[in-house]
Every structure is written in structure tokens, then in C-alpha cells.
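A quick write-up on the structure given underneath.
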Amino acid sequence: MIHNRTMIDPRPAPRNTLGPVAWLRTHLFNGPINTLFTLIGLYVLYLLVVPTVQWAFIDADWVGTTRDDCSREGACWVFINARFTQFIYGLYPRSEIWRANIVFAGFFTLIAWLAIPRLPFKRWVAAFALLVFPVIAFVLLYGGYFDLPRVPTHRWGGLMLTLLLATVGMVGALPIGIVLALGRRSNMPIVKSFSVVFIEFWRGVPLITVLFMASVMLPLFLPTGITVDRLVRALIGITLFQSAYMAEVIRGGLQAIPKGQEEAAAALGMTYWKRMGLIVMPQALKMMIPGIVNTFISLFKDTTLVMIIGLFDLLGIVQAALSDSRWLGFSLEGYVFAAFMFWIFCFSMSRYSQYLERRLNTGHKR
Amino acid sequence: MNNVHRSNRVTGVLAAALLLPGLALASTLETVKERGALRCGVNAAQPGFSALDDEDTYQGLDTDICRAVAAAALGEGARVDFVPLDSVERFAALQSGEVDVLSRTTTWTSTRDTTLGLHFVGVSYFDGQAFMVASDLGVQSAKELDGAAVCTQSGTTSELNLSDYFRLNGMSFDPVVFDAPEQSIVGFEEGRCDVLSTDASQLYAQRVQLADPDMAVVLPEIISKEPLGPAVRQGDDQWFNIVKWSLYALLNAEELGVTQANVDDMLDDDSPDVMRLLGRDGDYGEGMGLAADWAYQIVKQVGNYAEVFERSVGAGSPFNIGRGLNALWRDGGLHYAPPIR
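Protein sequence lines correspond, in order, to chains A and B.
In case it helps, the numbering used here puts the first sequence at residues 3 to 368.
In case it helps, the numbering used here puts the second sequence at residues 179 to 519.
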């Protein structure tokens, strides 16, 4: 009996099941029909990508200061370049832009601090961001104190205004939305009916109507000579509108928590606010993240509607620039720029929410 | 706003809530002087009339009218806060006092003048619907357009004017309707229609956006009346006069040959009309509560009507619109300002 059991050395997998060639074969050229579709897809991609790249990069004009520096064969990024300050800050006086820059820097630093888990003192930074920073930002942007010249709100615009509207709308709508959602689930008849009426009213009208009412009707109800700042009107309208949507998102999350959770907490002798704050809300909020972020993203894009009440948000200022007699005919470049800026912000929000979901995924994975 | 001002506002709300509206309101001139700036409602984006330039300043014919009013009322043409207004909210903004003057390519019509609580002070630009055709068609007059495909915008009076005009002249046309000016110009450029028709001021702005503006010509016919002019609130005749005479001062200055460049030399001119215009002889600002040199300030800081026209929409701009109806009466146009005396 021969007991010569030599193991055969492991050999690499057959060449045609490994590497990029194999990947292509299994995924793209797997049979005649798939091959055909792959080729059609590639051809469509070729038709789309080549002219776009040609227009946006190869034929594009990048340097210069006036319309004459553009050959008009490709994109004229000179237009965006010449108008960049205006697109970011609106009509904010050029000599005072440093103030807006400080606010921008503070804003992004605080967001980064709160978003990156490793950094310490979260509680204090959050309190600072919600209570102190808005005051600092207002004093800096509006001025009137500490010898800072006053910059009236009608000069605020561009990306700055878009971020301001979106941030105030989000930060204001979340707490109001939580209160309304709890109110709608409450057993107290007055609180409940108030919440229902409020939510259904604001959800029943389009945002554009709210803004129109704020800008066209409100001044007619007020006596002549009394005007409420347009930006304030828009902020109030957006916040109230958004809180109604937020309330329904939060109510959805609350309903997903089994009633037993709250009953168990009650059995332990917890008060209403403790039950909500310690047991129900932490579980519910986690599940609501996709819904909340979805609402935030849609709000961010909805801020462009303030254009109709004469506020120049990012899109509004781009459109205003398009009618400058020295820059007529560059609407494509302007809209591509605006779309790109909006995409950056919305995509970042979306990615962060996915990260947050993974991080908070403590046994609720479905 | 300072605190005094704010408390005035609060008192104002209370007073107005208790009393009939319209009581004890300061005159617009006083309000403007106290504020230190004129609030002027303009179009957010209308090439040649009001558009933002690279330096965050509004430029155009409508905005220069406001600068002229500010020069007369405040002595400083730059002290204007421009308020961009939507076409729907413009009248509400004027009625509510959010703006002092509305100078926003607004057509003077009987309905607007009589039912909206506002007064048009005059005509700053005689606009009207016109036709643009490709120059290689060789068309010289709108009368040759029988059977043409005409691009126009939906929801405007343009469509109605078109069908009226073609019916009156016993011609037919084929409408090609677009939603926005940017789309109709693309349609025209792609050859979906032979003719593009909308208000003349806008046609010239659209023409500049063509890859080769010389490929199209605007025909001389104007088929509708669109007199554009500034408007003020009813109930303040002094302010109405100020805005009206600011416009007339621009026109009178052109008629008398007074320009931004020569206005200081013209101070020594001994023509009685020039002396009266520039406040050297008599005080014609007094009746409006203005300084004697109100018209001098307008010409010095803004120029005369010809200068405003040429740099905004005329030869000094990309649009190169001819004076046409907007010439002075003695040059065959319609602008005729009453004399200052």
C-alpha cells in the first residue's frame, strides 16, 4: 500500500475567470443579447460624454475678464469667474465681505466639528452652534454694532442666502416639528386639534403660495409705510411650512415604536417627557434619519423659490446675471454652475445621512 | 433702522389698527430724505432696462430714471436702493409703501392707472410689438410676411396682437408658441420659424444672444402700443410732481443740448431756457420742495435722456436700438416734455 499522499499545489483559477477580462465577460458580454445591449449602452455614452467633455473642458474658455475672451465654441467659464463673488455673496458690499467669510468659516467649522465623531466637547459645541453662533452671525452679517456698517438684508444673496434660508429653515423646523408631532399624538383635545389644523393647513398649500402670500398679501393688510423685512417674511414662511412636513416625518417615526416601549417606561414611573426624551425619541429619531434628511434636501432646493419675492438666492443671482447686457447668451454656463453647486450640497447631505445610519445601526437592521 | 424709527413703526401699527387708514402719514419726500435713500422697484433681470453688472450695480434705462429722481430729491443719484420685483407683486409693493417709485418696464394702461391706486407719471420708453426676421430672407416690411411661421411667447398679449395684425392686413400666419424668451430665440435660431415677434425692446436683447446677431434684422413696423413709464402711489401730489418733472428734466436737457459733460459750462449759458433748467434764473424746485439746482443735479449725475438711452439700449450698448418713437418730437419721435418755466 502506498501511502504517498502529496497534496497538489494550489493553482491559480483559470485565466478566463479572473481579472478584468473575466469581469467584463460575466457582467457585460454574457451572451449575445447582453453584448448587444452593452454595445448600445457604450455608444449612447459615447454620444453623450464626448460632446459634454468637449464643450465643458476642451473647447472651454477659462481665462479672461470680458465676453470677448470667449470664443463661444465651448463653455465660457470666464462668465462664472467674473461673477463668482456675486454668485457667492450676492450684492453684499465688496469691502465687507470679510464679515461674510468669518460667518462661512464658523459655519463650516461648527458643522465639521459636530459631524466628525472623534472631536471632543460635542455638547458644548452644539450649544454654542445653536445659541451663540446665530447671534454672532447676525451681528456680523447685519452689522450696526461695534462700528460695523449696516448691510440691509436686500443686499444679501447668492450661496450665502441659500445656506442661510436652508439652515434657519432646518434648525427652526426640527423642534417645531417634534412638538407638532407629539401634539398630534396627544390625548389632549385642544393640543391635538391645534396640531392637526396647523399641519394640514401648511401641508395643504404650496410653498410658492406661502411666499406669494407673504410678499403680495401681507403688505396690503399692513398699514401704508409699515413693511416687514422680506427676508424675515421668507424665513418665517419657510420655517412654518417646513415644520409641518417635519412633523409628519417625525410622527411616522414615532408610530414605528411599539406601544410596549412607552408602557414599560410608564410602568417604571417615568413622566411623559422622560418617556419621550429617554425611551421613545432616541429610538424613533434613529429611524427617521432618511426621512428627515430627505426633507432637508428638498428644503435646500425649495429655497430657490424665494426668487419670486425678489430675494436673490444662488439661482436667482445667476439668472439676474444672465440679463446683464455685457454677458447675454451664457445661460447654459450659469445654470450648469448653479446645478453643480446645489448638487455638491445635496450630495454631501445625502452621504452624511448614510454614514450616520450605519453608525447608529445598533440592532435595527432590516 | 434706529430705535426711534422702530418705535414710530410700532406706534404706526397701533394707530392704524385703531384709526382709519391713511391718516397722519409723512410725505414721500420727507420719508425718502429721512431714510437717506430712494427705494425704487425694478425688474430683477431685463437687459437694457435693469440688470446687474459685474460690480453689483443695476444698470439700465429704468434704473437711471430712479437715479434721476434720487439726484433731484436727495442731491445724490447714487442713493437708490433697488428692490427687484416680480410682475405680480410690483403693484402691491408700491401700494404698501415698500417702494417709493415703480420703474419696472410697466405698460401704462387705463386699468392700471385707474384701479390700482397708482399714477403713471409719463412715458420713459415707447415700446411696442415688432418683428425680427432672418436677414437673408430679404424681407423689408411686415406686410411681406403672409404665410410666415411666427415664434412667440405664450400667455402674453403678443399672440393676440399678432392675430389682430395679420387679420387686419388680410394675411395668414402659423404660430409657434414657446414658454420663455430663451426658448423662443433658440427656436428662431434653429429655423423653426421665419419670424420672431415680441416687444421691440426684448427683440433686440434676444438678437444679441444669437451666435451671429447680424443674421437677423428687426423690421420697422410696431404693431402695438406699449408705453413704459414710472409710476407712484396716489395721494401724494408733491411726490408725483417730483418724479414727473425728473423725467421731464431729462428730456428738456436733451432738447436744450445740456449733457453730463457740458453741464458745468452751460451754467454760464445765457439762453433763458437753459438758465431756468439749471436753476440760474428763478427757483423752479420750490414748488416741489426741492433745491433750485434739482435739474442740474440730474444732468450732472445721470445725464440727459439721450445719454441715458444710448448707454442703456442705444448705440452705446450691445442692443443698438434706434431712437425711433423714442426720439424727441422735433426729431420725429414722441417725446415731448412741457417746458420748465
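For glycine and all other residues, C-beta sits at the position ideal for the given N, C-alpha and C.
Pick from A:Ala-340, A:Asn-296, A:Leu-30: whose alpha carbon is nearest that of Met-172 of chain A? Taking the first sequence and counting its residues from 1, the one referred to as residue 172 of chain A is at position 170. With distances taken between Cα atoms, Met-172 of chain A lies closest to A:Asn-296.
- [ ] Within 10 angstroms of the Cβ of Val-51 of chain A, are there 16 or more other Cβ atoms? Answer buried if so, exposed if not.
- [x] Here the question's residue 51 of chain A lines up with position 49 in the first sequence. Answer is exposed; the Cβ neighbour count stays below 16.
Determine the extent of the beta strand (DSSP E) in which Cys-78 of chain A is found, giving its start and end residues. Within the first sequence, the letter at position 76 stands for residue 78 of chain A. Element bounds for Cys-78 of chain A: n/a, residue is neither H nor E.
Practice item. Please report how far the alpha carbon of Ala-84 of chain A lies from the alpha carbon of Gly-179 of chain A, in whole angstroms. Key: Counting from one through the first sequence, the residue named residue 84 of chain A turns up at place 82. Counting from one through the first sequence, the residue named residue 179 of chain A turns up at place 177. One C-alpha to the other measures close to 42 Å.
Practice task
For chain A, find out if any of its Cβ atoms is closer than 8 Å to the Cβ of Gln-387 of chain B; answer yes or no.
Solution key: Numbered from 1 along the second sequence, position 209 holds the residue referred to as residue 387 of chain B. Gln-387 of chain B counts as touching chain A.
Taking 8 Å as the CB-CB cut-off, is Leu-224 of chain A touching chain B?
-> For the purposes of this step, residue 224 of chain A is taken as residue 222 along the first sequence, with counting starting at 1. It does; some Cβ of chain B falls within 8 Å.
*asked:* Does the CB of Asp-451 of chain B have a neighbour CB from chain A at under 8 Å?
replied: Within the second sequence, residue 451 of chain B is the residue found at index 273, counting from 1. No, because no Cβ of chain A sits closer than 8 Å to the Cβ of Asp-451 of chain B.
**Prompt:** What's the call for Pro-151 of chain A, buried or exposed, on a 16-neighbour Cβ count within 10 Å?
**Reply:** Counting from 1 along the first sequence, the entry for residue 151 of chain A is found at position 149. With fewer than 16 Cβ atoms within 10 Å of its Cβ, Pro-151 of chain A is classed as exposed.
inquiry  = For Tyr-236 of chain B, list the residues DSSP reports as bridge partners.
reply    = Along the second sequence, read from residue 1 onward, the residue named residue 236 of chain B stands at position 58. In DSSP, Tyr-236 of chain B forms a bridge with B:Leu-230.
Rounded to whole angstroms, how far is the Cβ of Ser-313 of chain B from the Cβ of Val-395 of chain B, which I believe are closer than 8 Å?
Locating residue 313 of chain B in the second sequence gives position 135, where the first residue counts as 1. Locating residue 395 of chain B in the second sequence gives position 217, where the first residue counts as 1. Rounded, the Cβ-Cβ distance is 5 Å, consistent with contact.
TODO: Closer than 7 Å by C-beta to Ala-322 of chain A: which residues in its own chain qualify, once you throw out the five before and the five after it? Chain order, please.
DONE: Start at 1 with the first residue of the first sequence, and residue 322 of chain A comes out as number 320. Same-chain partners within the cutoff: Phe-314.
* Nearest CA to the CA of Trp-158 of chain A: which residue from A:Ala-216, A:Lys-261, A:Tyr-91? -> Position 156 of the first sequence, counted from the first residue, corresponds to residue 158 of chain A. Of A:Ala-216, A:Lys-261, A:Tyr-91, the residue nearest in Cα terms is A:Tyr-91.
Along the chain, where does the alpha helix (DSSP H) containing Phe-130 of chain A start, and where does it finish? Your numbering for residue 130 of chain A matches position 128 in the first sequence. Phe-130 of chain A -> no alpha helix (DSSP H), and no H or E assigned at all.
Inter-residue Cα distance where the pair is Cys-348 of chain A and Ile-310 of chain A: Locating residue 348 of chain A in the first sequence gives position 346, counting from the first residue. Locating residue 310 of chain A in the first sequence gives position 308, counting from the first residue. If I take the Cα positions, the gap works out to 22 Å.
task: Quick one: grab the DSSP three-state call for Arg-508 of chain B.
output: The sequence position of residue 508 of chain B within the second sequence is 330, counting from 1. Note: Arg-508 of chain B maps to helix in three-state DSSP.
Reference Glu-250 of chain A, options A:Val-338, A:Ile-294, A:Thr-8, A:Asn-189, closest by Cα: Here residue 250 of chain A is taken as the residue at index 248 of the first sequence, counted from 1. The residue with the shortest Cα to Cα distance from Glu-250 of chain A is A:Ile-294.
Does chain A have any CB closer than 8 Å to the CB of Leu-230 of chain B? By 1-based counting over the second sequence, the position of residue 230 of chain B is 52. Interface residue, yes.
- Query: Roughly how many angstroms separate the alpha carbons of Gln-479 of chain B and Leu-455 of chain B, rounded to a whole number?
  - Reply: Along the second sequence, read from residue 1 onward, the residue named residue 479 of chain B stands at position 301. Along the second sequence, read from residue 1 onward, the residue named residue 455 of chain B stands at position 277. Rounded to whole angstroms, Gln-479 of chain B to Leu-455 of chain B spans 15 Å at the Cα level.
- [ ] Could you list which residues in chain A have their beta carbon closer than 8 Å to that of Gln-224 of chain B, in chain order?
- [x] As a working note, residue 224 of chain B is residue 46 in the second sequence. Those are Ser-325, listed as they occur along chain A.
Quick one: is the Cβ of Leu-301 of chain A within less than 7 Å of any heavy atom of the ligand PLP?
-> This structure lacks the ligand PLP, and indeed carries no ligand of any kind.
Next item on the list: Would you check if the distance between the CB atom of Leu-163 of chain A and the CB atom of Val-105 of chain A is smaller than 8 Å?
Entry: Along the first sequence, one-based indexing puts residue 163 of chain A at 161. Along the first sequence, one-based indexing puts residue 105 of chain A at 103. Their beta carbons are not under 8 Å apart, which means Leu-163 of chain A does not touch Val-105 of chain A by this criterion.
Strand pairing of Glu-404 of chain B, partner residues [DSSP] | Position 226 of the second sequence, counted from the first residue, corresponds to residue 404 of chain B. DSSP output for Glu-404 of chain B lists B:Asp-305 as bridge partner(s).
message = Can you list, in chain order, the residues of its chain with a C-beta nearer than 7 Å to that of Ala-340 of chain A? Leave out the 5 residues immediately preceding and following it.
response = Indexing the first sequence from 1 puts residue 340 of chain A at position 338. Same-chain partners within the cutoff: Leu-316, Leu-317, Val-320.
- What does Gln-361 of chain B touch in chain A if you count any residue whose Cβ is under 8 Å from its own? Position 183 of the second sequence, counted from the start, is the residue given in the question as residue 361 of chain B. Simply none; closest approach about 11 Å.
Relative to the alpha-carbon of Tyr-357 of chain A, which residue among A:Lys-124, A:Gly-312, A:Pro-292, A:Tyr-274 has its alpha-carbon at the smallest distance? Within the first sequence, the letter at position 355 stands for residue 357 of chain A. The candidate whose alpha carbon is nearest that of Tyr-357 of chain A is A:Pro-292.
Practice task
Determine, using beta carbons only, whether Pro-353 of chain B comes closer than 8 Å to chain A.
Solution key: As a first step, residue 353 of chain B is located in the second sequence; it is residue number 175 there, counting from the start. Not one chain A Cβ lies under 8 Å of Pro-353 of chain B.
Extract the residue ranges of the alpha helix (DSSP H) inside the segment 208-240 of chain A, only unbroken runs of 4 or more that lie entirely within it. 209-214, 220-223
Q) What are the partner residues of Leu-216 of chain B, as DSSP defines its beta bridges? A) For the purposes of this step, residue 216 of chain B is taken as the residue at position 38 of the second sequence. Leu-216 of chain B pairs with B:Val-258.
Name the chain B residues that come within less than 7 Å of Val-218 of chain A, Cβ to Cβ? The residue you call residue 218 of chain A lines up with position 216 of the first sequence. By Cβ distance, chain B contributes Val-266, Glu-267, Ala-270.
* Asked: How long is the line joining the alpha carbons of Ile-138 of chain A and Asp-231 of chain B, rounded to whole angstroms?
  -> In the first sequence, counting from the first residue as 1, residue 138 of chain A sits at position 136. In the second sequence, counting from the first residue as 1, residue 231 of chain B sits at position 53. One C-alpha to the other measures close to 31 Å.
Taking the alpha helix (DSSP H) that Ala-58 of chain A falls in, what are its first and last residues?
-> As a first step, residue 58 of chain A is located in the first sequence; it is residue number 56 there, counting from the start. Run containing Ala-58 of chain A: none; DSSP gives neither H nor E here.
Point to revise | Neighbour-count burial assignment, Gly-262 of chain A, 16 or more Cβ in a 10 Å radius | key: Position 260 of the first sequence holds residue 262 of chain A. By the neighbour-count rule (16 or more Cβ atoms within 10 Å), Gly-262 of chain A is not buried but exposed.
- Item | Simplified DSSP assignment, three categories, for Ala-409 of chain B | For the purposes of this step, residue 409 of chain B is identified with residue 231 of the second sequence, where counting begins at 1. Strand at Ala-409 of chain B.
(request) Pull up the distance between the alpha-carbon of Asn-18 of chain A and that of Glu-75 of chain A, whole angstroms please. (result) Counting from one through the first sequence, the residue named residue 18 of chain A turns up at place 16. Counting from one through the first sequence, the residue named residue 75 of chain A turns up at place 73. Cα to Cα, Asn-18 of chain A sits roughly 46 Å from Glu-75 of chain A.
Between which two residues does the beta strand (DSSP E) harbouring Thr-330 of chain B extend? Within the second sequence, residue 330 of chain B is the residue found at index 152, counting from 1. Thr-330 of chain B -> beta strand (DSSP E) spans 326-331.
For Tyr-462 of chain B versus Ile-518 of chain B, is the C-beta spacing smaller than 8 Å?
Here the question's residue 462 of chain B lines up with position 284 in the second sequence. Here the question's residue 518 of chain B lines up with position 340 in the second sequence. Their beta carbons are under 8 Å apart, which means Tyr-462 of chain B touches Ile-518 of chain B by this criterion.
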